[in-house]
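Quick note, the sequences are listed as chains H and X, same order.
Everything in the first sequence is counted per the numbering used here, starting at 5 for the first residue and increasing by one.
Everything in the second sequence is counted per the numbering used here, starting at 95 for the first residue and increasing by one.
Written below as structure tokens is the structure these notes are about.
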Amino acid sequence: MTKSHDTPDDGDAKTQFARQFIEAIPHSRALGMRLDAIGDGTSEISMPYDLRLVGEPRTGVIHGGAVSALMDTCCGAAVMSHPDAPSGTATIDLRIDYMRAATPGDRIIAKATCYHVTRSVAFVRATAYDGDPSRPVASATGAFTIERPKGGKS
Amino acid sequence: MSHPNEKRHRPESVQVVKTRRDAALKALVTGVPYIQFLGIEFDRRGDELTAVLPFDEKLIGNPLIPALHGGVTAAFLEVTAIIELSWSYLWEDIEAGRIDLARLDPLHLPRLPKTIDFTVDYLRSGLPRDAYARARVNRSGRRYASVHVEAWQDNRSKLFAQGTGHFVMPPAPLAPDE
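Next comes the structure, spelled out in structure tokens:
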């Protein structure tokens, strides 16, 4: 597994826009999300362990809802970074499978791939890991809208 | 309903019943930090629960529109489903007074169901105002449950999101006879 680098390279204007866009999202900021890598229909976003996000006080495990928020953001970012990319996107549907509880104290890392795009829909899948990349915490599949600029080409 | 063994059985006072139900619900909801983080509250009418998500700036996902974050919507639906499911399987024990309300602090909460999967349909964008949700347990077996949730804002009939989740039920510590 490649480690994510301290400063992801800046890439083109679109990538830069995506990063700024994601880091300006109030809820992503509230969860402490960090964009680690983006480009060509893929994205990697991580989130620190936070006691405010605990869903089961007895064990300290993060609530599934917080993992959903991370997955949704990561999938949306992957869509926006696709080469046939839209100017904007919104979630149509998103399914999350929870394979196991994330280890309390561990950062959660989501990796998403936008694997197919039509004129109107983008298809995405994502996986979330904690400290152990060989044992995913959750996976997601979703469909997103493709919003094109009005009067723009294609 | 008549109980042959309770000849002098009289209905409990409404206040006793309400106090017990509200204490159980409060324990379920306030014991979970993430529910507090999102600011979700629950209204109760008898056994019917309505989840309320008061609008807050930190719930915004798209500052340009602005709209609720899709992840907030998903989390709101999932929280509603889990609380409804827990509430429905604890109901009998709450009514029978089998739950020790004095011990319902966060570390002694009944175990919560575990989410297997959760699917959210985003029907329209979530507006920057309060949201409401109700869940229905469509199937609840000994091991698995299936729950459907609907969420709306201004009009009950105009859903902005719906979701379906599957859950693994916790072991039933209050019914050792089974």
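Backbone N, C-alpha and C fix where the C-beta goes; we use that ideal spot for every residue, glycine too.
Note that the structure is predicted; figures quoted are calculated from it, not measured.
Whose Cβ in chain H lies nearer than 7 Å to the Cβ of residue i?
{"i": "X/E151", "result": "P30"}
{"i": "X/D215", "result": "D97"}
{"i": "X/L65", "result": "The question about residue 65 of chain X has no answer, for chain X in this structure spans 95 to 272."}
Compute the Euclidean distance between the alpha carbons of residue i and residue j, then round it to the nearest angstrom.
{"i": "X/G191", "j": "X/R114", "result": "8 Å"}
{"i": "H/G68", "j": "X/P105", "result": "40 Å"}
{"i": "X/Y238", "j": "X/S251", "result": "29 Å"}
{"i": "H/A70", "j": "H/F148", "result": "20 Å"}
{"i": "H/F21", "j": "H/Y102", "result": "31 Å"}
{"i": "X/G164", "j": "X/L217", "result": "11 Å"}
{"i": "X/A145", "j": "X/D224", "result": "10 Å"}
{"i": "H/T145", "j": "X/V110", "result": "47 Å"}
{"i": "H/I113", "j": "H/D134", "result": "6 Å"}
{"i": "X/D116", "j": "H/A28", "result": "39 Å"}
{"i": "X/R197", "j": "X/L184", "result": "15 Å"}
{"i": "H/T93", "j": "X/P264", "result": "38 Å"}
{"i": "X/G259", "j": "X/A229", "result": "10 Å"}
{"i": "X/L153", "j": "X/R236", "result": "35 Å"}
{"i": "H/L57", "j": "H/A17", "result": "33 Å"}
{"i": "X/D199", "j": "X/A121", "result": "7 Å"}
{"i": "X/P157", "j": "X/I177", "result": "30 Å"}
So with CB distances below 7 Å, who are the chain X contacts of residue i?
{"i": "H/T77", "result": "G165"}
{"i": "H/A70", "result": "Y128, A169"}
Are the Cβ atoms of residue i and residue j separated by less than 9 Å?
{"i": "H/G59", "j": "H/I49", "result": "no"}
{"i": "H/P61", "j": "X/V126", "result": "yes"}
{"i": "X/S182", "j": "X/D141", "result": "yes"}
{"i": "H/Y119", "j": "H/R104", "result": "no"}
{"i": "X/A245", "j": "X/L143", "result": "no"}
{"i": "H/S32", "j": "X/G155", "result": "yes"}
{"i": "X/F136", "j": "X/L119", "result": "yes"}
{"i": "X/P207", "j": "X/V123", "result": "no"}
{"i": "H/P153", "j": "H/S72", "result": "no"}
{"i": "X/N279", "j": "X/H242", "result": "Lying before the first or after the last residue shown, residue 279 of chain X is absent from chain X, which here runs from 95 to 272."}
Could you tell me which of the options sits nearest to residue i, measuring between CA atoms?
{"i": "H/A126", "options": "H/A17, H/C79, H/G43", "result": "H/C79"}
{"i": "X/A169", "options": "X/L206, X/I159, X/I129", "result": "X/I129"}
{"i": "H/M51", "options": "H/P108, H/T145, H/E151", "result": "H/P108"}
{"i": "H/A132", "options": "H/R123, H/T77, H/S124", "result": "H/T77"}
{"i": "X/Q247", "options": "X/L162, X/P204, X/S234", "result": "X/L162"}
{"i": "X/V108", "options": "X/D211, X/I159, X/R139, X/S240", "result": "X/R139"}
{"i": "H/G64", "options": "H/S47, H/D110, H/M75", "result": "H/D110"}
{"i": "X/A227", "options": "X/P160, X/E151, X/A175", "result": "X/A175"}
{"i": "H/S47", "options": "H/Y53, H/G36, H/L74, H/A81", "result": "H/A81"}
{"i": "H/A2", "options": "H/R139, H/F25, H/I96, H/L98", "result": "A query on residue 2 of chain H cannot be resolved here, the shown segment of chain H reaching from 5 to 158 and no further."}
{"i": "H/K115", "options": "H/L98, H/D136, H/M75, H/V83", "result": "H/M75"}
Quick one: residues in its chain with C-beta nearer than 7 Å to the C-beta of residue i, no 5 flanking neighbours on either side, listed in chain order?
{"i": "H/D88", "result": "V121"}
{"i": "H/R23", "result": "L39, I42"}
{"i": "X/I210", "result": "H260, F261, V262"}
Below 6 Å CB to CB, which residues in the same chain sit around residue i once its five sequence neighbours on both sides are set aside?
{"i": "X/Q256", "result": "D215, E244"}
{"i": "H/S124", "result": "I150"}
{"i": "X/E189", "result": "none"}
{"i": "H/T6", "result": "Note that H/T6 scores 38 on pLDDT, short of 50, meaning its location in the model is unreliable and no value can be drawn from it."}
List, in order along the chain, the chain X residues whose C-beta lies closer than 9 Å to that of residue i?
{"i": "H/R129", "result": "In chain order: nothing, as chain X lies at least about 14 Å away."}
Under 8 Å Cβ-Cβ, which residues of chain H neighbour residue i?
{"i": "X/L201", "result": "P61, R62"}
{"i": "X/I154", "result": "I29, P30, H31"}
Please list, in chain order, the chain X residues whose beta carbon lies closer than 8 Å to that of residue i.
{"i": "H/D101", "result": "I210, D211"}
{"i": "H/G109", "result": "What H/G109 touches in chain X: nothing, since even the nearest Cβ is about 15 Å away."}
In its own chain, which residues sit with a C-beta less than 8 Å from the C-beta of residue i, not counting the 5 before and 5 after it?
{"i": "H/D44", "result": "S85, H86, P87"}
{"i": "H/S143", "result": "I100, D101, M103, R129, A130, T131, A132"}
{"i": "H/I96", "result": "V125, G146, A147, F148, T149"}
{"i": "H/L55", "result": "G64"}
Which bits of chain H does residue i rub up against, with CB to CB less than 9 Å?
{"i": "X/F136", "result": "Going along chain H, no residue has its Cβ under 9 Å from X/F136, so there is no contact; the nearest lies around 15 Å."}
Selection of the segment 42-59 of chain H by Cβ proximity to chain A, strictly under 7 Å: Among the chains of the structure shown, chain A does not appear; the protein chains present are H and X.
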